[in-house]
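For the sequence shown, this note's numbering begins at 0 and goes up steadily by one.
Glycine is no exception: its CB is placed at the ideal position from the N, C-alpha and C atoms.
None of the values given here were measured: they were computed from a predicted structure.
In what follows, a single structure is set out as structure tokens and then discussed.
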Amino acid sequence: MVQNEIDSVKHSADVVVIGGGVIGLTIARSLAQRGAADICLIERASIGREASFAAAGMLAPQAEANSQDDFFRLASRSRDLYAEFAASLHEETGIDVELDTTGTLYLALTYHDLVDIEKRYEWQAAAGLAVEKLTQSQAQQLEPAINSSVLGALRFPLDVQVENRRLLSALTNSVAQLGVSVMTGTNVESLNIEKDRIKGVQTSRGFISCPVVVVAAGTWTSYLKFAPPLQKPPLVIEPVRGQMISFDARPQVTHHVIYSPRGYIVPRRDGRLLAGSTSEHAGFAKQVTAGGISTILQNAQEIAPSISALPIVDTWAGLRPRAPDNLPVLGPCDEISGLFYATGHYRNGILLAPVTGELIAEAIVAGVTSPLLGPFSPSRFDLVRA
Ligand SMILES: Cc1cc2nc3c(=O)[nH]c(=O)nc-3n(C[C@H](O)[C@H](O)[C@H](O)COP(=O)(O)OP(=O)(O)OC[C@H]3O[C@@H](n4cnc5c(N)ncnc54)[C@H](O)[C@@H]3O)c2cc1C
């Protein structure tokens, strides 16, 4: 139980944040740091046990980017906030979130892969981004365990990784210290609206009156009802299942985060090596499947064949929250005053947490919506009121 978890039902708050994943926690923290008072974070089950717990913690906007678009700018900004984010959390809570700055490698293992990484190298180098092109022997020298049939690689020195479960612990401690009220085991059932304004939320433990609500409910966003009801749901966020494997890799097999176009491996400081992942439309089923594990094993061994000898210590699956256009949904809802969305982070919620926290809190406290949020506005979807 976190320090500020409350058992009694709150009847009012200045801001209610729905969802205790990395996004809800980071927003609650940023709001408190900006002086917002009486923030209540409501979590249906336990804090930080859904997608944010399942993630691999890669902070890699460059590794898979094919252009310098709005999403790339947002993601790069967030990655660049991480050093300060991690340091301040360490200072506040004593928890080291293990921000590892070794960097990320992206391997070409087929001629098709090689053509793809050449293109990526060209646009990123031309844009002045930090990217290095490695020959086969340079890549092998850097990471001797990689597949000897590697044809070339890119190294992204600024694409890094964080231990996302430690991050969740640090954020949980931080919001408690900052005085955020945290209600776990409490389901938000509906958002109550009067004359196009938020009036409060109906929860499984009673009604909480509040003028501002932030929806950070991840893949369950579409289940939130409106009272009175909308003609159709404002947002369709669907779950995309990702499975993961953790190996005991002491001593570590590799030092960088290493991608291929088919999979990735992530070395952790404690000797675990994570391998992922799958992208499956399996509804809300969080099972690990034989087929999923077999695919991940195959792709991980393609990156570093010696993985085949490692003991598997854990497997799990999580649900990535995906909007219809694969982009996050961020900012105020134009149709309902006091309603803000921070959802649909899909494959990049850990990466996008600092920028989401900063910009959503700024929009609420200062009433200023950053131009960075413009392309991700909820108003790009059709919201029809009752
Ligand atoms: C296998 C896998 C690997 C990934 N790897 C990476 C990676 O390397 N880097 C990266 O940046 N991202 C990665 N992601 C994506 C990232 O995990 C997600 O984008 C991110 O965790 C989303 O955070 P969230 O807080 O929105 O959602 P969640 O962590 O799912 O939190 C949402 C919370 O809201 C709560 N909730 C929902 N409805 C209600 C309600 N009505 N009332 C109260 N509470 C409610 C839920 O119980 C949940 O705790 C990965 C995801 C998966 C599954």
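Original post:
In terms of residues, what are the limits of the beta strand (DSSP E) holding I41?
Top reply: Here the beta strand (DSSP E) through I41 covers I38 to I41.
Original post:
If you draw a straight line from the alpha carbon of F283 to that of A125, how long is it in whole angstroms?
Top reply: The C-alpha of F283 lies about 42 Å from the C-alpha of A125.
Subject >> Three-state class that DSSP yields for S180 in the structure shown >> reply: S180 carries a strand assignment under DSSP once its states are collapsed to helix, strand and coil.
Original post:
What are the boundary residues of the alpha helix (DSSP H) that T253 is part of?
Top reply: No alpha helix (DSSP H) contains T253, which DSSP labels as neither H nor E.
Original post:
Taking three-plus beta-carbon pairs below 8 Å as touching, is the stretch 168-180 in contact with the stretch 69-89?
Top reply: In this structure the stretch 168-180 touches the stretch 69-89; the number of beta carbon pairs closer than 8 Å is three or more.
**OP:** Quick one: residues in its chain with C-beta nearer than 7 Å to the C-beta of L30, no 5 flanking neighbours on either side, listed in chain order?
**Re:** The answer, listed in chain order, is V14, I38, A360, I363 and V364.
Original post:
Whose C-alpha, out of Q123, W122 and S148, is nearest the C-alpha of T134?
Top reply: S148 is the residue among Q123, W122 and S148 whose C-alpha sits nearest the C-alpha of T134.
Original post:
Does the Cβ-Cβ distance between T92 and G356 come in under 7 Å?
Top reply: Not in contact: T92 and G356 (Cβ atoms no closer than 7 Å).
Original post:
Relative to the C-alpha of R271, which residue among R196, P374, A55 and F70 is closest?
Top reply: Nearest neighbour of R271 by Cα position, chosen from R196, P374, A55 and F70, turns out to be A55.
Original post:
At a cut-off of 6 Å, is A53 close to ligand 1 when judged by its beta-carbon and the heavy atoms of the ligand?
Top reply: Checking every heavy atom of ligand 1 against the Cβ of A53, one is found closer than 6 Å.
**OP:** Using 6 Å as the cut-off, classify the Cβ of L350 as near or not near the heavy atoms of ligand 1, replying yes or no.
**Re:** Because some heavy atom of ligand 1 lies under 6 Å away, the Cβ of L350 counts as near it: yes.
**OP:** Identify every run of the beta strand (DSSP E) within the stretch 196-252, keeping only runs that are complete inside it and at least 3 residues long; order them along the chain.
**Re:** Runs found: 196-202, 205-208, 211-214, 224-226 and 237-247.
Original post:
Expressed to the nearest angstrom, what Euclidean distance is found between the alpha-carbon atoms of Q2 and Q176?
Top reply: Caution is warranted here: a pLDDT of 47 is assigned to Q2, below 50, making its placement in the model unreliable, and no coordinate value can be reported.
Original post:
Would you call the CB atoms of I306 and Q300 closer than 7 Å?
Top reply: In contact: I306 and Q300 (Cβ atoms closer than 7 Å).
Subject >> Residue from L329, P353, R28 and E142 with nearest C-alpha to I302 >> reply: With distances taken between CA atoms, I302 lies nearest to E142 out of L329, P353, R28 and E142.
Subject >> Residue interval of the alpha helix (DSSP H) (run including P353) >> reply: In the DSSP assignment, P353 falls within the alpha helix (DSSP H) that extends over G348 to V364.
Subject >> Reduced DSSP category for S173 - H, G, I as helix; E, B as strand; rest coil >> reply: Taken through DSSP and simplified to helix, strand or coil, S173 comes out as helix.
**OP:** Report, in whole angstroms, the separation of the C-beta atoms of A153 and R119, which I expect to be a contact under 8 Å.
**Re:** Per the sequence shown, the amino acid found at residue 153 is Leu instead of Ala. With a Cβ gap of about 6 Å, L153 and R119 count as contacting.
**OP:** Tell me whether A385 sits in a helix, a strand or coil according to DSSP, three-state version.
**Re:** Unreliable positioning characterises A385 in this predicted model, as indicated by a pLDDT of 45, which lies under 50. The coordinate reading is nonetheless provided below. Correct three-state label for A385: coil.
Original post:
Could you give the residue range of the alpha helix (DSSP H) that holds E90?
Top reply: Per DSSP, E90 belongs to the alpha helix (DSSP H) from D69 to T92.
Original post:
In or out: Y110 buried (at least 16 other Cβ within 10 Å) or exposed?
Top reply: The residue is exposed, with fewer than 16 neighbouring Cβ atoms inside 10 Å.
Original post:
Does the stretch 247-258 come within contact of the stretch 327-334, defined as at least 3 CB pairs closer than 8 Å?
Top reply: Counting Cβ pairs under 8 Å, fewer than three are found: no touch.
Subject >> Reduced DSSP category for K285 - H, G, I as helix; E, B as strand; rest coil >> reply: For K285, the secondary structure class from DSSP, reduced to helix, strand or coil, is coil.
Original post:
Per DSSP, what kind of secondary structure is Q297 in: helix, strand or coil?
Top reply: Annotated three-state conformation of Q297 is helix, per DSSP.
Original post:
Count the other CB atoms within 10 Å of the CB of E117; is the residue buried (16 or more) or exposed (fewer)?
Top reply: Exposed is the call here.
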